[in-house]
Ligand code: FEO
Ligand code: CA
Ligand code: CA
């Protein structure tokens with residue numbers, strides 16, 4: 053059953069675009085665009101940054117050139133690598149003087165008894181022991197636990213979703229578009245097994261990384277692995293299903309996008325577009341607010357739990373942050389209900405000076421929100437068992453960004469403000485399970501798709517990647533900053549007052565706006581054409597406090613920037629603030645995920661997700677065509693006849709062994 057018969061499709065990206073047509077937020081809360089436009093009048097263009105479109109018009113080309121030289125001379129760049137160029141082709145590229153080596157690919161063995169990958173003979177049983185599909189988040193956990201070992205550790209990797217048209221022989225095209233004509237139970241079960249996450253033990257020997265396919269640390273978590281619900285919503289009536297009357301045990305985690313590593317050495321994995329796995333029909337307003345059922349997969353044909361007409365509560369058990377102890381392969385993944393249910397993109401935890409754990413999170417949908425969670429209890433050095441309970445109890449807040457440059461964190465607490473029984477709220481579990489609706493009621497600021505969020509360990513400032521929002525209408529912006537139909541995204545910086553992450557107030561300012569000057573992009577004038585990017589998605593901050601941004605332009609890459617996605621290094625301080633340089637580029641049709649540094653910053657792991665899929669028809673060499681298993685736009689990284697493209701994790705090291713980017 054196709055719930056969206058008329059929508060254009062062809063890849064999962066287009067399915068997503070169609071399914072999220074206008075975003076599912078029906079409220080009239082102000083958008084961040086409204087607020088930026090009010091805040092950034094002429095007066096407020098940032099120091100060291102030229103609002104290139106406006107300035108170009110005012111100064112003309114020659115003065116623009118002078119400004120660029122002046123800006124370049126004004127500060128010392130933090131990043132010393134030679135920039136690579138925009139472009140698109142069948143392989144990856146890294147800055148000169150660096151190596152970018154494949155560490156692990158879809159299908160490589162993870163468990164000791166995994167069979168060798170044979171794309172023509174896939175099975176769910178084999179896939180559950182092999183590296184999953186579409187690697188997104190990458191986290192590094194040093195060995196032993198508690199150390200800073202830079203050359204031996206565990207890599208924690210999310211497997212977000214599957215692209216059946218390039219995974220399976222004979223399928224040909226994206227299956228929602230084809231009414232699931234080629235899908236079988238066997239293929240659906242392989243898909244379920246290809247989701248979730250992997251832990252692998254890795255080691256650097258003579259400057260090169262390898263993983264140990266026989267390590268007893270290695271594990272696969274799939275769409276079938278037993279997880280437990282913890283926190284205020286565990287066991288609630290809204291969590292109970294016919295298979296689990298306790299409301300505490302869930303099969304699997306799904307659509308795990310980005311994540312975070314906690315200070316106590318656990319892996320947080322964010323369930324994002326879980327709605328796509330459910331099908332059936334429902335008029336329930338709360339399900340609708342979450343886009344359930346999405347109908348992107350037909351798993352509901354074979355498994356009743358994915359059919360909302362049969363198990364209306366099952367989808368309440370997805371859309372959470374999942375905490376996993378990578379050091380114990382027998383541990384049960386825990387879904388943290390105190391952190392709220394939404395399309396979780398990522399989760400960045402800091403220990404506030406008060407000792408509380410504070411987690412920053414984004415809800416990645418057009419017009420959705422930025423959240424933070426503050427733990428009730430405080431961190432205890434050396435007491436890992438205690439610290440592993442910190443995210444089970446506390447207060448969830450949602451952000452309101454104001455024109456005066458302030459951020460107000462509003463608590464989502466049952467009984468407070470509009471979240472009362474009079475207004476239909478039952479209890480705190482209800483507030484958390486329907487966190488989006490609770491945040492609507494509080495008047496949170498509608499954002500342009502909040503993706504990754506990271507906290508700079510040096511400064512305490514927080515970077516929010518806002519990837520794009522093509523559906524923002526002109527009436528939702530004002531004349532001073534016209535970014536309606538925002539196809540390019542931007543990066544917002546939040547500054548907690550006095551570094552206090554507990555405070556309910558902070559301030560914010562813009563770091564950059566994606567895209568070229570012609571579309572209102574704003575980078576420091578020292579940025580070259582290759583430094584311009586669009587659609588910031590993931591980010592990492594190295595231990596020197598330097599920001600690295602990765603992009604996901606999807607089908608839109610040609611219009612948005614003209615280059616394939618990649619990694620850009622972005623200056624955040626001084627006169628060069630807002631200067632960007634291109635460091636790495638993915639093969640055609642891929643997006644750039646990860647990124648993750650080792651503890652000494654001499655390795656940057658990145659994840660190349662869905663090579664050969666998004667927007668390949670716009671690449672001259674593949675003009676007009678979509679990829680299939682038999683005829684993909686690239687066979688990266690193996691480039692062997694008959695071997696499909698394979699999402700892979702890449703280890704980037706400097707040839708001289710030094711710190712990345714220095
Ligand atoms: Fe899975 Fe929002 O990217
Ligand atoms: Ca993402
Ligand atoms: Ca993405």
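In the numbering used here, the protein residues as written are 53 to 714.
Heads up, the beta-carbon is just placed ideally off N, CA and C, and yes, glycines get one too.
| request: Count the C-beta pairs between the segment 568 to 583 and the segment 627 to 644 that are closer than 8 angstroms, then say yes if the count reaches three, no if not. | output: Note that the segment 568 to 583 touches the segment 627 to 644; at least 3 beta-carbon pairs, one per stretch, sit closer than 8 angstroms.
| said: I want to check one thing, is the minimum distance from the CB of residue 264 to the heavy atoms of ligand 1 below 8 angstroms? | reply: Taking the first residue of the chain shown as position 1, residue 264 is located at position 212. False, no ligand heavy atom lies under 8 angstroms from that Cβ.
| said: Below 8 angstroms on the Cβ atoms is my contact criterion, and I expect residue 619 with residue 602 to pass it. Report the Cβ-Cβ distance as a whole number of Å. | reply: Sequence index remark: in the chain shown, residue 619 carries index 567 (1-based). Sequence index remark: in the chain shown, residue 602 carries index 550 (1-based). Going by Cβ atoms, the distance from residue 619 to residue 602 rounds to 5 angstroms, so yes, they are a contact pair.
| query | Could you give the C-beta distance for residue 541 and residue 508, rounded to a whole number, given that I count them as a contact under 8 angstroms? | reply | In the chain shown, residue 541 corresponds to position 489, counting from 1. In the chain shown, residue 508 corresponds to position 456, counting from 1. Wrong, their Cβ atoms sit about 19 angstroms apart, outside the cutoff.
| Own chain residues within Cβ distance below 8 angstroms of residue 354, not counting five before or after | As a first step, residue 354 must be located in the chain shown, where it is residue number 302. These residues qualify, in order along the chain: 237, 240, 241.
| message | Taking 8 angstroms as the cut-off, does the segment 660 to 676 touch the segment 167 to 174 (at least 3 CB pairs, one atom from each stretch)? | response | no
| Are there three or more Cβ pairs, one per stretch, closer than 8 angstroms when the segment 645 to 655 is compared with the segment 682 to 698? | no
| query | When DSSP labels each residue in this structure, what does residue 136 get in the three-state scheme? | reply | Within the chain shown, the letter at position 84 stands for residue 136. In this structure, residue 136 counts as coil in the three-state DSSP scheme.
| request: Locate the beta strand (DSSP E) running through residue 542, then write down its first and last residues. | output: Along the chain shown, one-based indexing puts residue 542 at 490. 542 to 548 is the span of the beta strand (DSSP E), which, as asked, contains residue 542.
| query | Three-state secondary structure (DSSP) at residue 647? | reply | Along the chain shown, one-based indexing puts residue 647 at 595. Three-state result, residue 647: strand.
| Who sits around ligand 3, taking every residue whose Cβ is closer than 6 angstroms to one of its heavy atoms? | 589, 604, 643
| Of the residues 552, 297, 441, which one's Cα is nearest the Cα of residue 459? | Counted from its first residue, the chain shown places residue 459 at position 407. Comparing alpha-carbon positions, the option among 552, 297, 441 lying closest to residue 459 turns out to be 552.
| task | Leaving out five residues on either side along the sequence, give the residues of the same chain with a beta carbon under 7 angstroms from the beta carbon of residue 444. | result | As a working note, residue 444 is residue 392 in the chain shown. 282, 283, 388, 390, listed in sequence order.
| So the alpha helix (DSSP H) residue 609 belongs to, where does it begin and stop? | Taking the first residue of the chain shown as position 1, residue 609 is located at position 557. Its alpha helix (DSSP H) spans residues 609 to 612.
| task | Please check the pair residue 264 and residue 255, which I expect to be a contact at CB under 8 angstroms, by giving their CB distance rounded to whole angstroms. | result | The residue you call residue 264 lines up with position 212 of the chain shown. The residue you call residue 255 lines up with position 203 of the chain shown. Right, their Cβ atoms sit about 7 angstroms apart.
| When the Cβ atoms of the segment 336 to 347 are set against those of the segment 292 to 301, are three or more pairs found closer than 8 angstroms? | no
| task | Answer yes or no: the CB of residue 488 versus the heavy atoms of ligand 1, is any distance below 8 angstroms? | result | Against the chain shown, residue 488 aligns to sequence position 436. No, the Cβ of residue 488 stays beyond 8 angstroms of every heavy atom of ligand 1.
| Mind checking whether residue 554 and residue 408 have CB atoms under 9 angstroms apart? | Along the chain shown, read from residue 1 onward, the residue named residue 554 stands at position 502. Along the chain shown, read from residue 1 onward, the residue named residue 408 stands at position 356. Yes, these two residues count as a Cβ contact at 9 angstroms.
| task | Look at residue 665 and residue 63 and say whether their C-beta atoms are less than 9 angstroms apart. | result | By 1-based counting over the chain shown, the position of residue 665 is 613. By 1-based counting over the chain shown, the position of residue 63 is 11. Yes, they are a contact pair.
| query | Which value, in whole angstroms, describes the spacing of the CA atoms of residue 226 and residue 326? | reply | One-based indexing of the chain shown puts residue 226 at position 174. One-based indexing of the chain shown puts residue 326 at position 274. Approximately 18 angstroms between the Cα atoms of the pair.
| task | Buried or exposed for residue 424, please, with buried defined as at least 16 other CB atoms from any protein chain shown within 10 angstroms of its CB. | result | By one-based count along the chain shown, residue 424 stands at place 372. It counts as buried.
| CA-to-CA distance, residue 358 to residue 598, given in whole angstroms | Indexing the chain shown from 1 puts residue 598 at position 546. Indexing the chain shown from 1 puts residue 358 at position 306. If you take the alpha carbons of residue 598 and residue 358, they lie about 42 angstroms apart.
| said: Can you give me the C-alpha to C-alpha distance between residue 708 and residue 493, rounded to a whole angstrom? | reply: Position 656 of the chain shown, counted from the first residue, corresponds to residue 708. Position 441 of the chain shown, counted from the first residue, corresponds to residue 493. Rounded to whole angstroms, residue 708 and residue 493 show a C-alpha spacing of 55 angstroms.
| said: Looking at the strands, I want to know which residues DSSP matches up with residue 369. | reply: For this step, residue 369 is matched to residue 317 along the chain shown. Residue 369 pairs with nothing; no bridge assigned.
| field | Inter-residue CB distance, residue 636 and residue 712 (contact presumed, cutoff 8 angstroms) | value | Working through the chain shown from its first residue, we reach residue 636 at position 584. Working through the chain shown from its first residue, we reach residue 712 at position 660. 10 angstroms between Cβ atoms; not a contact.
| message | For residue 185 and residue 154, I'd like the C-alpha separation in whole angstroms. | response | In the chain shown, the residue the question calls residue 185 occupies position 133. In the chain shown, the residue the question calls residue 154 occupies position 102. Rounded to whole angstroms, residue 185 to residue 154 spans 15 angstroms at the Cα level.
| query | What does residue 192 pair with, by DSSP beta-bridge criteria? | reply | Translated into the one-based positions of the chain shown, residue 192 becomes position 140. Partner(s): 207.
| task | Leaving out five residues on either side along the sequence, give the residues of the same chain with a beta carbon under 7 angstroms from the beta carbon of residue 183. | result | As a working note, residue 183 is residue 131 in the chain shown. Answer for residue 183: 156, 157, 158, 159, 160, 162, 250, listed in chain order.
| query | Touching or not, the segment 358 to 367 and the segment 415 to 423, by the rule of three or more beta carbon pairs under 8 angstroms? | reply | no
| task | Could you check if residue 200 is buried or exposed, using at least 16 other CB atoms within 10 Å of its CB as the buried criterion? | result | Against the chain shown, residue 200 aligns to sequence position 148. Burial call: exposed.
| query | DSSP on residue 216, reduced to helix/strand/coil? | reply | By one-based count along the chain shown, residue 216 stands at place 164. Correct three-state label for residue 216: helix.
| said: Can you look up residue 322 in the DSSP assignment and give me helix, strand or coil? | reply: Here residue 322 refers to the residue found at position 270 of the chain shown. Residue 322: strand per DSSP, three-state reduction.
| field | Span of the beta strand (DSSP E) around residue 67 | value | Taking the chain shown and counting its residues from 1, the one referred to as residue 67 is at position 15. Unbroken run through residue 67 is the alpha helix (DSSP H), 64 to 71; no beta strand (DSSP E).
| task | State yes or no: is the C-beta of residue 138 within less than 9 angstroms of the C-beta of residue 680? | result | As a position in the chain shown, residue 138 is number 86, starting the count at 1. As a position in the chain shown, residue 680 is number 628, starting the count at 1. Not in contact: residue 138 and residue 680 (Cβ atoms no closer than 9 angstroms).
| query | Within this structure, are the beta carbons of residue 640 and residue 600 separated by less than 9 angstroms? | reply | Walking along the chain shown from the start, residue 640 turns up at place 588. Walking along the chain shown from the start, residue 600 turns up at place 548. Contact: no.
| request: Leaving out five residues on either side along the sequence, give the residues of the same chain with a beta carbon under 6 angstroms from the beta carbon of residue 567. | output: Here residue 567 corresponds to residue number 515 of the chain shown, with the count starting at 1. Counting only residues of its own chain and dropping the five nearest sequence neighbours on each side, residue 567 has a CB closer than 6 angstroms to the CB of 540, 573, 586.
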